[in-house]
Amino acid sequence: MKYKTLTQYLVEQQREHKAVSADVRLLIETVSRACKAISHAVSKGALGGVLGSLGTENVQGEVQKKLDVLSNEILLEANEWGGNLAAMASEEMQTIHRIPTHYPKGQNLLLFDPLDGSSNIDVNVSIGTIFSVLQAPVEAAGREIAEEDFLQPGTRQVAAGYAIYGPQTMLVLTVGAGVMGFTLDREMGSWLLTHEDIRLPEQTAEFAINMSNMRHWEAPVRRYIDECLQGETGPLGKNYNMRWIASMVADVHRILTRGGIFMYPRDARASGRKGKLRLMYEANPMSFLVEQAGGLAIDGANRILDIQPDALHQRIGVILGSREEVERLQRYHQEA
Ligand code: AHM
Ligand code: MG
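For the sequence shown, our numbering gives the first residue as 5, with consecutive numbering after it.
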């Protein structure tokens, strides 16, 4: 079987379908190259001295793992000099990273969670990198990029994707023309299009949520999970299965592969009712992918991609996956 490479796919999208500009194509190639380097570091584990914590905290007060910081550096270094970017932002950096003055600048903004699923690093469970691409606003032309320039709704993303470092390393990508999955051929060092036009089944009988937070949930989420647990004699009329990997990348990857619903809802904990996951580099790129695959993504009552961000590291409730199940949860939120 001869597979198309990532480069071939992107060149086709640029030339034939005009789905991607030359600029964004090169940017995606650079991000995917950085992901190969991260994959390599991840796969070395203890032998590469990359496991464990650094003893530092990020802007959100989370302990940084060595791989969080290393992955962030790999992405920054790979993307700085390419000339396609105006600035970058990351889960691991307090504010935006402007392109150093000695490099040419472009019009794109890149956001990333360099290593998602940090709690799974040391236990050899799948983790990943999530990224989102926006364009710098026109009014920013000729002046220095500011943090506010990043605060655009997810509908403005021109590309988004993730790399998953699991039994295989894969890159799952959208440029707004469906969702494509590329598997890393480690011997050749190339990304090959093994999963073309990924579609999400509309129905599912599998949910993903951290059940230990049940006492903090809002009523609509409690109602839905309660109905799932009642099985085929309950109002949903089927027996549900549950999965929770605690790496969003891996949970979303499973859902894109065989359907399901993922929830990290807002809850009533002291950290605020805004949820755990971050809007700009976790929820938005994943929502773009899920919608491009035929699914839906909401924060409760609203579509995530329509939300106007008010801060770079803003947190948000996330409910995404198979359309009919997410619509049901949206209804429960609207009724509440
Ligand atoms: P991280 O970006 O610091 O790794 O945190 C995000 C992760 C998600 O990948 C995952 O869905 C969630 O946190 C798991 O949280 P919990 O440990 O509360 O179940
Ligand atoms: Mg994360």
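Note that beta-carbon positions come from the ideal geometry of N, C-alpha and C, so glycine has one too.
Everything numeric in this text was worked out from a predicted model, so none of it was measured.
Which residues bound the alpha helix (DSSP H) around residue i?
{"i": "N288", "result": "288 to 296"}
{"i": "K48", "result": "26 to 48"}
{"i": "S75", "result": "70 to 84"}
{"i": "A315", "result": "Premise fails: A315 is in no alpha helix (DSSP H) and is neither H nor E."}
{"i": "L51", "result": "Neither: L51 is in no alpha helix (DSSP H) and is coded neither H nor E."}
{"i": "L233", "result": "223 to 234"}
{"i": "V330", "result": "327 to 339"}
Closest by CA to residue i, which one among the options?
{"i": "Q334", "options": "R258, P157, L300", "result": "L300"}
{"i": "I249", "options": "S123, M92, L58, R226", "result": "S123"}
{"i": "Y336", "options": "G325, R319, N306, L316", "result": "N306"}
{"i": "E206", "options": "P224, T261, P118", "result": "T261"}
{"i": "E210", "options": "L30, G263, M184", "result": "G263"}
{"i": "L188", "options": "Y166, D314, E339", "result": "Y166"}
{"i": "L293", "options": "F154, G185, S57, V67", "result": "G185"}
{"i": "I311", "options": "L283, I323, H317", "result": "L283"}
{"i": "S3", "options": "S43, A287, H21, S216", "result": "There is no way to answer for residue 3, as the model of the chain reaches only from 5 to 340."}
{"i": "V63", "options": "I320, A254, E339, L316", "result": "L316"}
{"i": "G325", "options": "V35, Q338, I308", "result": "I308"}
{"i": "E191", "options": "V183, H199, T173", "result": "T173"}
{"i": "R203", "options": "Q296, E16, Q338, V28", "result": "Q296"}
{"i": "Q111", "options": "D120, L30, S75", "result": "L30"}
{"i": "A10", "options": "I323, P289, L196, I259", "result": "Checking the displayed sequence, the identity of residue 10 turns out to be Leu instead of Ala. Nearest of I323, P289, L196, I259 to L10, Cα basis: L196."}
{"i": "D271", "options": "M218, L233, Q156, A340", "result": "M218"}
{"i": "V67", "options": "I32, S216, V129, E96", "result": "E96"}
{"i": "S251", "options": "I149, I131, R327, E286", "result": "I131"}
{"i": "A223", "options": "I259, A287, R327, E339", "result": "E339"}
{"i": "P289", "options": "I125, V253, I259, R258", "result": "V253"}
{"i": "A287", "options": "S136, K22, L240", "result": "S136"}
{"i": "I78", "options": "R327, A50, G56, L119", "result": "L119"}
{"i": "Y285", "options": "H21, S216, P104, F154", "result": "F154"}
{"i": "R147", "options": "A91, G182, V183", "result": "A91"}
In whole angstroms, what is the alpha-carbon distance linking residue i and residue j?
{"i": "G180", "j": "Q98", "result": "29 angstroms"}
{"i": "L177", "j": "D201", "result": "10 angstroms"}
{"i": "R273", "j": "L281", "result": "14 angstroms"}
{"i": "I229", "j": "K242", "result": "13 angstroms"}
{"i": "R160", "j": "T237", "result": "43 angstroms"}
{"i": "R332", "j": "V73", "result": "39 angstroms"}
{"i": "I134", "j": "N83", "result": "15 angstroms"}
{"i": "L89", "j": "L114", "result": "7 angstroms"}
{"i": "I213", "j": "K109", "result": "41 angstroms"}
{"i": "R37", "j": "G279", "result": "32 angstroms"}
{"i": "V225", "j": "Y268", "result": "10 angstroms"}
{"i": "L80", "j": "H106", "result": "15 angstroms"}
{"i": "D303", "j": "R227", "result": "16 angstroms"}
{"i": "A45", "j": "L175", "result": "16 angstroms"}
{"i": "T198", "j": "Y7", "result": "7 angstroms"}
{"i": "D117", "j": "T60", "result": "17 angstroms"}
{"i": "A26", "j": "Q18", "result": "7 angstroms"}
{"i": "I168", "j": "V35", "result": "13 angstroms"}
{"i": "E151", "j": "S94", "result": "12 angstroms"}
{"i": "L138", "j": "P171", "result": "31 angstroms"}
{"i": "A163", "j": "N76", "result": "19 angstroms"}
{"i": "I265", "j": "G235", "result": "16 angstroms"}
{"i": "L71", "j": "K40", "result": "14 angstroms"}
{"i": "N128", "j": "S47", "result": "9 angstroms"}
{"i": "M5", "j": "H257", "result": "24 angstroms"}
{"i": "E231", "j": "G121", "result": "28 angstroms"}
{"i": "W85", "j": "I103", "result": "8 angstroms"}
{"i": "A140", "j": "I323", "result": "28 angstroms"}
{"i": "E328", "j": "N245", "result": "17 angstroms"}
{"i": "Q156", "j": "D314", "result": "9 angstroms"}
Taking residue i as part of the beta strand (DSSP E), name the residues at either end of that continuous run.
{"i": "E61", "result": "57 to 61"}
{"i": "D117", "result": "112 to 120"}
{"i": "L89", "result": "89 to 94"}
{"i": "L14", "result": "Note, L14: premise wrong, no beta strand (DSSP E); alpha helix (DSSP H) at 10 to 19."}
{"i": "L309", "result": "It is not in any beta strand (DSSP E) - L309 carries neither H nor E in the DSSP assignment."}
{"i": "A301", "result": "300 to 302"}
Could you tell me whether any Cβ in chain C is nearer than 8 angstroms to the Cβ of residue i?
{"i": "I229", "result": "The chain inventory of the structure shown lacks chain C, comprising one protein chain alone."}
With respect to 7 angstroms, is the separation between the Cβ of residue i and the closest non-hydrogen atom of ligand 4 below this value?
{"i": "D117", "result": "This structure lacks ligand 4; the ligands present are ligand 1 and ligand 2."}
Q) Mind pulling the beta strand (DSSP E) runs of 3 or more residues that sit fully within the region 134 to 216? A) 163 to 169, 173 to 178, 183 to 189, 194 to 199, 210 to 212
Q. At what residue ranges does the region 240 to 286 contain a whole run of the beta strand (DSSP E), taking only runs of 3 or more?
A. 265 to 268
Q) Closer than 5 angstroms from C-beta to any heavy atom of ligand 1: which residues, in chain order? A) D120, G121, S122, N214, A250, S251, M252
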